[in-house]
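Colleague: As they're listed, the protein sequences go chains A and B.
Per numbering that gives the first Met the number 0, the very first residue in the first sequence carries number 0; after that it's consecutive.
Per numbering that gives the first Met the number 0, the very first residue in the second sequence carries number 0; after that it's consecutive.
For glycine and all other residues, C-beta sits at the position ideal for the given N, C-alpha and C.
Supplied in structure tokens, the structure appears directly below.
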Amino acid sequence: MVLGFKKKKPPDPYLTQVINTERFRLVNCNRLQAIQITMPWHNDPEILGNLMYSKAKYSRREWARKIGKPDGNKRFYHAIIAKDIKGTIGTHRLILDKSGTVRLAIVIHAKEWWGKDVFAEVRTAIMDHFSQSPRVVRFHGQVLTRNIRSIYNYQKLGFRVIGYDRKVWKSPITDEYEDTMHFEYLAEDWRADRTEHLT
Amino acid sequence: MTQPTTAKTLLAQSLGLAEDSIDAQTTLSNSPQWDSLAHFRLILGIEEQLGRKLNTMETVSVTSLDTVIALIATD
Chain A
0 MVLGFKKKKP PDPYLTQVIN TERFRLVNCN RLQAIQITMP WHNDPEILGN
50 LMYSKAKYSR REWARKIGKP DGNKRFYHAI IAKDIKGTIG THRLILDKSG
100 TVRLAIVIHA KEWWGKDVFA EVRTAIMDHF SQSPRVVRFH GQVLTRNIRS
150 IYNYQKLGFR VIGYDRKVWK SPITDEYEDT MHFEYLAEDW RADRTEHLT
Chain B
0 MTQPTTAKTL LAQSLGLAED SIDAQTTLSN SPQWDSLAHF RLILGIEEQL
50 GRKLNTMETV SVTSLDTVIA LIATD
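Here it is as structure tokens:
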């Protein structure tokens, strides 16, 4: 038997491009950068809870492990950089699996930007970009049932509800089990809907 | 108050609009005032009106005046 190391796939040259929106630059990060840009919320129980992390806060070492290995091929962390202040206000995370499903998550840690339509602008640009890749088949989001603002954001963008899980996540703060909902948008539908919207 | 009126009042208060500007065409996707904060207020308002929390499918059903009327009518 021949034992060998699994060859690491190189970053995808298209998917790692910088994405520009009207107000933001979305810059793909390496591991160290991903740790840096997520540090503002690594011990924020509210944000970690909404993302269904198993702890309410993490040490820096634990957090570095939790981030995993953003490789620009299957795992992407985008810094959301506001052009006017030239600062990072949040993070967009995508995990692309072998079957072409992209799992999405977004955090706007700069709370002064809450309620300013950051989600819609960033997510639309990300999906416009990623849906052009032949590797991407489907976008998927999982949201806690009590996270009404996120549910609104997915619905506003036109995601379909495809199901829910009962008592799937135990809150580390309340020790109660919570339900989540699943949202989906096929890449081909996104492309078609956007073309229709823009023409 | 009848169910349609209650629903209209709830929606108008949540969106910060006059009641007479709310009609069947007022939906989450086409009303600029229906933002995430307005949606949050609306869900809380419906829960207060019903005296209970909305379940998962009820929460996602709230997308228009008609769906708010239907939700209040089911209770």
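8 Å is my cut-off, CB to CB: does Asp188/A come that close to chain B?
Modeller: No - not a single Cβ of chain B is within 8 Å of the one on Asp188/A.
Colleague: Where does the unbroken beta strand (DSSP E) through Tyr176/A begin, and where does it stop?
Modeller: Note, Tyr176/A: beta strand (DSSP E), 176-185.
Colleague: Pairing CB atoms from the stretch 30-50 of chain A with CB atoms from the stretch 103-113 of chain A, are three or more of them under 8 Å?
Modeller: Yes, the stretch 30-50 of chain A is in contact with the stretch 103-113 of chain A.
Colleague: Measure from the C-beta of Thr26/B to each C-beta in chain A and report whether the shortest distance is under 8 Å.
Modeller: No - not a single Cβ of chain A is within 8 Å of the one on Thr26/B.
Colleague: What does the Cβ neighbour count give for Arg92/A, buried or exposed, with the cut at 16 atoms within 10 Å?
Modeller: Looking at its Cβ environment, which holds 16 or more other Cβ atoms inside 10 Å, Arg92/A is buried.
Colleague: List in chain order: all unbroken beta strand (DSSP E) runs of 3+ residues lying wholly within the stretch 40-105 of chain A.
Modeller: Those beta strand (DSSP E) runs which fall completely within the stretch 40-105 of chain A and span 3+ residues are 74-81, 86-95.
Colleague: Residues of the stretch 124-157 of chain A with a CB closer than 8 Å to any CB of chain B: list them in chain order, please.
Modeller: Answer set for the stretch 124-157 of chain A: Thr144, Ile147, Arg148, Ile150, Tyr151, Asn152, Gln154, Lys155, Gly157.
Colleague: Find the residues of chain A that neighbour Val59/B, judging by a C-beta separation of less than 8 Å, and give them in chain order.
Modeller: Correct list: Ile150, Gln154, Val160, Met180.
Colleague: I need the boundaries of the alpha helix (DSSP H) containing Gly44/B, first residue and last residue.
Modeller: Here the alpha helix (DSSP H) through Gly44/B covers 35-49.
Colleague: Name the chain B residues that come within less than 8 Å of Gly114/A, Cβ to Cβ?
Modeller: Near Gly114/A (Cβ distances below 8 Å), the residues of chain B are Asp34, Ser35, Leu36.
Colleague: Using the Cα positions of Ser35/B and Ile45/B, report the straight-line distance between them to the nearest angstrom.
Modeller: Roughly 15 Å separates the two Cα atoms.
Colleague: Between Pro133/A, Lys166/A, Ile125/A, Val121/A, which has its C-alpha nearest Val142/A's C-alpha?
Modeller: Checked all of Pro133/A, Lys166/A, Ile125/A, Val121/A; the closest Cα to Val142/A is Lys166/A.
Colleague: State the start and end residues of the unbroken beta strand (DSSP E) segment that holds Phe138/A.
Modeller: It spans 137-143 - the beta strand (DSSP E) in which Phe138/A sits, taken as one unbroken run.
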